[in-house]
Amino acid sequence: MRNSCDVPDREFGEGSGKMRKKGFMANGLDAGVCRRAVRGLCILIALTAAGCSKKTGQADPENPGGIPGITGEAKPTESKEPTKAAEPTAVPGNGENDVPGANADERENVENLVLSGTADEILACFRERTMGYARSMLSGDFSVCESFSDELSNALSERDLKNGWKQTVQGLGEPLDADGVEAGDLQDAALTAEAAFLGSQAAGDEIGSIMDFGGYVVTSAQIPYKAKYVIVSVTYGQTGAVEGIYMTYTLPPAGPEITENYVEHEVTVGSGQFLLEGMLTLPNGVEKPPVVLLVHGSGQSDKNETVGAAGNAPFADIAHGLAERGIASLRYDKRYYKYPGLATETITIWDEVLDDAAQAISLLSQMDEVDSGRIFVAGHSLGGMLAPYIVQENPQVAGMVSLAGSPRGLWEIVYDQNMAAMEAAGLTEAEFASLGGMVQQEYDKVLSLVADVRDSGAEPGEAELSEVLFGVSGHYWASLAKIDTAAIAKELSAPMLILQGGADFQVYPERDFAAWQVLLEGRENVEFRLFEGLNHLFMPSNGAMDVTEYDEEAHVSPEVIDVIAAWIQGGKEPAE
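Count the sequence shown with my numbering and you get residues 82 to 657, in order.
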């Protein structure tokens, strides 16, 4: 469960996408570490497609400036005024799932509301309830656990939730009040919240129940801190029980920037159901500059790839750095960062990444402000792994940059990350053997599924596709198995720039970067660069070699941006 590349997000239970959480799982290239108790210690790395709810973006019909999707002149976007937090509101159930303190009349009223209320009334009820839970956790009260469904209660203890919360807010200071200053009283923190039905656009006075409107209500509360916002996302089932709880980060609301070197425009990526908020960065004084599309790693991520307690923003760093060197860029929110409620158990890599990347490339190819003949894709981590396929499928792309990507299968990296996490966890021999056996068992199942897809080309059976392995369903692994990055890269004629941080503990220089070098040895259209001392985000490593590195304020190394810019502008990266 992970967003923005390496943010240590925490998800528990059935998230908004109903991704089931099992004993020991992992995600891939961009795994964040979430610690759970397995006889005292277990490192859990998980990928899901859940996140915070956000209001659906809409395309601007006027399309100013001739740029498809631009929403107007580049000026800061006004943020909403914080709404006053509400106390937990009782919701229906069998008594076990009611909010503590609700009397019988309140429970009866809410039961009627959920069974026959309007969509707005139902959403308001659960929005307030999540606000109350978030405020309670701020105060050290984790009674939300009393409203867990049986399945979630079996998967997540109150201790686990407390530990996850502690890691999430560590180093952030005190939450902010309505005036934007640290709240002296936690009850003065300026929380806001949103709510939506899973897979349904029901709203207003439409009458029905949670079941009528998709079966789940997905809510999120935002808690503002100086560096960034903490998102607490809670999913409720048809009885009102908590089916999943998830924590992540986002940056405070900010609009496009205007500087002496560049100007930014808000754009809309995609069409139909999945409109995504994007940011086009154009260098000043450059007519029709080359443009770079930034493609995220796995998990739900905002357009800046916001990460860590300090709110580090690697994609914003790269975009602004490239613009200062005469190169435009486009970055955008990932689909399930914006629409967590629309994720399903059948999610594929096309749903998570590829379809939206193709839409973004199409958007760039229509823009008069950039050179449509010099569109480049820069993929980070999972995005770097997928970059060869994206170039192959979108012939208008002139070349690709892999930032800590790999030609190996995602499942291989998941396995390596799990084993490395266990080795670093100080487990007893018995614990290591037990957990290692679980990891190996899941890995063998993924390998079998991948072999079936690649050897026969046929779709696996429903039993294999529906089984959850390393935190995601077989549908996801089967979709990845259809993309052989190594084979595609070997045949790709477009220029490639392969970059890697020497202090990366998530994608390994000695395995993944080396694999690129062996695979593409002697190719005139490929350049390689290893940056000593830089971590997975291409920021200076402090030597911790774990996700706490991302909690310290840092920026993408200017040297990395210099290399990318020189390669794009001259076709070659500068000599070391």
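Don't be surprised by glycine CBs; every beta carbon is placed ideally from N, CA and C.
Legend entry - Start-to-end residues for the beta strand (DSSP E) that takes in F278: 273–278
Inset, instruction - Within the same chain, show all residues whose beta-carbon is closer than 8 Å to that of V225, passing over the 5 residues directly before and after it, in chain order. - result: Y214, S217, M218, L242, V315, V323, I326
Inset, instruction - With DSSP collapsed to three states, give me the class of V180. - result: With a pLDDT of only 38 at V180, under 50, the local geometry of the prediction cannot be trusted, and the value read off the model is given with reservation. V180 falls in the coil class under three-state DSSP.
Legend entry - Rounded separation between V298 and M328 - CA only: 16 Å
Legend entry - 8 Å Cβ shell around L122 - same chain, five flanking residues per side excluded: Any answer about L122 is weak, because its pLDDT of 21 lies below 50 and its placement is not dependable; what the coordinates show is given next. The residues are R116, A506, G507, L508, E512.
Inset, instruction - Could you please give me the residues that DSSP links to G460 through a beta bridge? - result: V376, S483
Legend entry - Through-space distance from I428 to K309, alpha-carbon basis: 29 Å
Inset, instruction - Measure from the alpha carbon of E368 to the alpha carbon of each residue in G407, K419, A635, then state which is nearest. - result: G407
Legend entry - beta strand (DSSP E) runs wholly inside the region 563–596, at least 3 long, in chain order: 577–582
Legend entry - Three-state class that DSSP yields for H50 in the structure shown: This structure does not reach residue 50, given that the chain is present from 82 up to 657, and the question cannot be answered.
Legend entry - 8 Å contact criterion, which A276 and T300 should meet: CB distance rounded: 4 Å
Legend entry - For L332 and M212, the rounded distance between their alpha carbons: 19 Å
Legend entry - Every unbroken beta strand (DSSP E) within the region 395–419, with a cutoff of 3 residues, ordered by chain: 409–413
Legend entry - Collapsed DSSP secondary structure at N606 in the structure displayed: coil
Inset, instruction - Report the residue ranges of all alpha helix (DSSP H) runs contained in full by the region 225–285; include only those spanning at least 4 residues, in chain order. - result: 231–236, 239–250
Legend entry - Completely contained beta strand (DSSP E) runs for the region 333–357, where each covers 3 or more residues: 343–350
Inset, instruction - Drop a sphere of 10 angstroms on the beta-carbon of Q498, count the other beta-carbons inside from all chains shown, and report buried for 16 or more, exposed for fewer. - result: buried
Inset, instruction - Assign I399 to one of two classes, buried (16 or more other C-beta atoms within 10 Å of its C-beta) or exposed (fewer than that). - result: buried
Legend entry - Rounded straight-line distance, which links the Cα of E613 to that of A130: With a pLDDT of 25 at A130, under the threshold of 50, the predicted position of this residue should be treated as unreliable, and no value is reported.
Inset, instruction - Could you name the residues that DSSP lists as bridge partners for L361? - result: H346, L411
Legend entry - Cβ shell of L267 (< 6 Å), same chain only, five flanking positions each side left out: L219, S220
Legend entry - Contacts around L550, its chain only, beta-carbon distance under 7 Å, and the 5 residues preceding and following it disregarded: E523, K526, V527, W558
Inset, instruction - Grab me the residues of A302's own chain with a C-beta within less than 6 Å of its C-beta, minus the 5 sequence neighbours each way, in chain order. - result: T211, M212, A215, L272, A274, V313
Inset, instruction - Tell whether a beta-carbon distance below 7 Å holds between V637 and F619. - result: yes
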